[in-house]
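*Asks:* With the numbering used here, letter number 183 in the sequence shown gets 183, and the count goes up by one each step, no holes.
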Amino acid sequence: MRRDPVDIIYGISNFLRSKGIGETFSITELAEATGHHRVTVEKYLNIISLVHNRIPQVEKDGSKLKVTRLPPDLEKLDETQILLSSLYFKKAFSQRSAVPKEPWVRDEVFVRLSERGFIKIKADKVYLTSLGLRSAMLIIRDNFAKGIDSDISKFPEEQPEGKQEVVIIVQEADMPYPWNAKKGAYPSASA
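(1) Just how far apart, CA to CA, sit T34 and I119?
(2) Distance, Cα to Cα, I9 vs F15?
(3) When the Cβ atoms of the segment 74-94 are set against those of the segment 103-120, are three or more pairs found closer than 8 Å?
(4) Could you check the C-alpha separation between V111 and L131 for me, to the nearest Å?
(5) Quick check on this structure: which residue in E29, S135 and R96 has the alpha carbon closest to the alpha carbon of Y88?
(6) Keeping to the same chain, check which residues put their C-beta closer than 6 Å to that of E42; ignore five residues upstream and five downstream.
(7) Tell whether a beta-carbon distance below 9 Å holds between L45 and L65.
(8) Taking the beta carbon of R3 as the centre, do at least 16 other beta carbons fall within 10 Å, making it buried, or is it exposed?
(9) I need the straight-line Cα distance from K125 to V58, nearest angstrom please.
(10) Using C-beta distances below 8 Å, list every residue in its chain close to Y127, excluding the 5 sequence neighbours before and after it, in chain order.
(11) Check T40 in the structure and name its three-state DSSP category.
(12) Sorted by chain position, which residues of the same chain lie with C-beta nearer than 8 Å to G117's C-beta, five sequence neighbours on each side aside?
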């Protein structure tokens with residue numbers, strides 16, 4: 001008989017709430033205390049960790065939901081960095097791949113980034129310019145280097161000053177992504 005996931009989480013939660021900060025225990029002890037298999041407990045601990053560290057906390061107000069706390073990786077970024085990174089992961093690299101404006105981003109952030117040439121806005125849809133794409137890639141690379149979890153592939157290591165390679169990317173109208181111009185080519189910080 002399958003157990004209800006909510007019951008499993010409550011059992012683990014009750015055990016964890018009985019422990020003080022810094023108190024250690026094993027997964028086997030937790031499994032024995034909750035009556036669940038060690039593999040199940042480990043799986044649910046990973047889910048709990050994901051919820052704590054990667055998912056914004058929401059509050060329900062009637063039929064509406066409101067984000068009340070950002071996960072630690074997003075708290076480290078400001079609104080501009082979050083927006084540029086979000087557009088990068090949504091692959092909004094051209095007018096054809098533009099995405100609707102994010103309702104959680106203040107209008108002044110869109111205006112500021114548009115005026116500075118990082119994004120273009122057409123009919124309430126937004127996409128990254130080449131400058132915005134390079135900036136988003138640098139934001140992601142820098143935060144990846146600081147240990148923020150990411151699903152992106154590794155970026156090339158920076159070369160010492162004076163030995164940096166300049167990569168020029170030419171985007172043709174038929175090419176959906178700017179880096180298809182040369183396989184594996186990424187814009188460098190000095191481009």
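Heads up, the beta-carbon is just placed ideally off N, CA and C, and yes, glycines get one too.
*Replies:* Straight from the coordinates:
(1) 51 Å
(2) 10 Å
(3) yes
(4) 16 Å
(5) S135
(6) I27
(7) no
(8) exposed
(9) 26 Å
(10) L87, A92, F93, S94, Q95, S97, A98, V99, I119 and K120
(11) helix
(12) T129, L131 and G132
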